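In my numbering, the protein residues as written are 28 to 171. Glycine included, every Cβ here is placed at the ideal spot set by N, Cα and C. Nothing here was measured: the structure is a model prediction, and the numbers come from that model. These notes concern the structure reproduced below.
Rendered as structure tokens:
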């Protein structure tokens, strides 16, 4: 599959595969749509932090700096965090929507690391996903 959503659909709707490794929010979203999926949060786990930035050259060219900066600020508001929670994303630490009701929806993460702890994306790519790396080795060991 080309992306996380398509992978979830192939697994849950078409019965492809024995196990699915995917983003937690994709499984929660599928569950909200009536799919019968269970999931496990492995220990350790990696936080997938998605950066956002305003691209100076672009916003200056189009005169959209004010709205772009306002949007970035909005993403960290209680209203935006509540919308993210509805879509299966864990609320940010310290966010007002990080209530017991919302956090009870998610299995505990015992050890949460960052990609920097694995040497950054470049190192993780080499170790796990490049040709012949860990992912390919696991696939080969199960004869896929």
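Item	Value
Beta-carbon spacing of residue 35, residue 49 below 7 Å	yes
For residue 85, the residue or residues it bridges with in DSSP	DSSP, once it has assigned bridges, lists no residue as partnering residue 85.
Beta-carbon proximity list for residue 28, same chain, < 6 Å, skipping 5 on both sides	34, 37
Close beta carbons around residue 31, own chain, < 8 Å, minus the five adjacent residues each side	49, 50, 53
Contacts around residue 112, its chain only, beta-carbon distance under 6 Å, and the 5 residues preceding and following it disregarded	118, 124, 129
Which of helix, strand or coil DSSP assigns to residue 140	strand
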